[in-house]
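Asker:
Residue numbers (the working numbering): 1246 to 1405.
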């Protein structure tokens, strides 16, 4: 049976006219509701007990059911974002082109040890120095190669 409000599985029967006010237990006075909608009808928050929430999530996990909101991106999109990042794109560019949120892509890269770190910064700095040597302003060179201007100035190599 489905909840008449949200189409989730109904586990409660709600009295339209409460028994305290003369309502009966006849089917015409009962409507099926899920636990959350039934709590809303009575002005109570059903999921305010963290122990109950944890227990419910553990039961769902044990049954192999999803325990959270499904991601809005696929594994293929995530891998595409990682490969774009590894190929030299900035994190922002990789996230934009792959359709994966920047924070998600960053956490995935950090967690899997694929962050390019200092070596990649050194490559970007060298490219920024080259652009600067070829006539670009510091601001243009830094923006083009995703380097902070203060980092550029801090590690600036003497240009011959």
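In this text, a Cβ means the ideal position worked out from N, Cα and C, and glycines have one as well.
What do you get for residue 1376, buried or exposed, if any count of 16 or more other CB atoms within 10 angstroms of its CB means buried?
Answerer: Against the chain shown, residue 1376 aligns to sequence position 131. A residue is called buried once 16 or more other Cβ atoms fall within 10 Å of its Cβ, and residue 1376 is buried on that count.
Asker: When DSSP labels each residue in this structure, what does residue 1390 get in the three-state scheme?
Answerer: Start at 1 with the first residue of the chain shown, and residue 1390 comes out as number 145. Here residue 1390 sits in helix by DSSP.
Asker: CA-CA distance, residue 1278 and residue 1306?
Answerer: The sequence position of residue 1278 within the chain shown is 33, counting from 1. The sequence position of residue 1306 within the chain shown is 61, counting from 1. Going by the C-alpha atoms only, they are around 24 Å apart.
Asker: Going along the chain, which residues of its own chain have a beta-carbon closer than 7 Å to the beta-carbon of residue 1346, five neighbours each way excluded?
Answerer: Indexing the chain shown from 1 puts residue 1346 at position 101. Correct list, in chain order: 1340.
Asker: Do you know how far the Cα of residue 1312 is from the Cα of residue 1286?
Answerer: The residue labelled residue 1286 in the question sits at position 41 within the chain shown. The residue labelled residue 1312 in the question sits at position 67 within the chain shown. One C-alpha to the other measures close to 25 Å.
Asker: Measure the alpha-carbon distance for residue 1261 versus residue 1302 and round it to whole angstroms.
Answerer: If you number the chain shown from 1, residue 1261 lands on position 16. If you number the chain shown from 1, residue 1302 lands on position 57. Cα to Cα, the separation comes out at about 31 Å.
Asker: Tell me the rounded alpha-carbon separation between residue 1378 and residue 1334.
Answerer: As a working mapping, residue 1378 is identified with position 133 in the chain shown. As a working mapping, residue 1334 is identified with position 89 in the chain shown. Approximately 22 Å, taken between the alpha carbons.
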